[in-house]
Amino acid sequence: MDRESFNTYVLAWAKRIGVAHKVKEIHLRPMKRKIASCSTKGRLTFDPSILSKDMKELDYIVVHELMHLRYPNHGKLFKAVLSSYLNSRVV
Ligand SMILES: [Zn+2]
């Protein structure tokens, strides 16, 4: 996936999750300790290595970060809603 399609893809998920209005910036830049992060101000950062992952992994990473715009932690609700989105993907 190239960078432009990646942006479109992230925004499509953001709309679906209902957080599109909260996404301010999407960055792709090398990260040291993790592959993705999300700030409370709506700045999403992803390591460029994710562009070569398969869709299933990519969905997991991207939806996980976007979900943090709704839930700040990894509580029960976070996990339940995350898996319901991932399982409902129409391939
Ligand atoms: Zn997380």
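Residues in the sequence shown are numbered consecutively from 2, following our numbering. Beta carbons: idealized from backbone N, C-alpha and C, even for Gly.
Best match in the options for proximity to residue i [C-alpha to C-alpha]
i	options	result
Met68	His28, Ser85, Lys57 and Met56	Ser85
Leu70	Ala13, Ser6, Tyr10 and Ile18	Ile18
Arg34	Val24, Thr41, Asp48 and His28	Asp48
Gly130	Ile36, Val11 and Lys57	What the structure shows of the chain is the stretch from 2 to 92, and residue 130 is not part of that stretch, so it cannot be assessed.
Lys57	Asn88, Lys16, His22 and Thr9	Asn88
Ser38	Ala81, Asn74 and Lys54	Asn74
Glu5	Ser50, Phe79 and Leu29	Leu29
Tyr61	His22, Val82 and Lys23	Val82
Residues that DSSP places opposite residue i in a beta bridge
i	result
Arg44	Glu26
Ser38	Thr46
>> Beta-carbon distances below 6 Å to any heavy atom of ligand 1 define the shell here; list its residues in chain order, please.
In response: In chain order, the hits are His65, His69 and His75.
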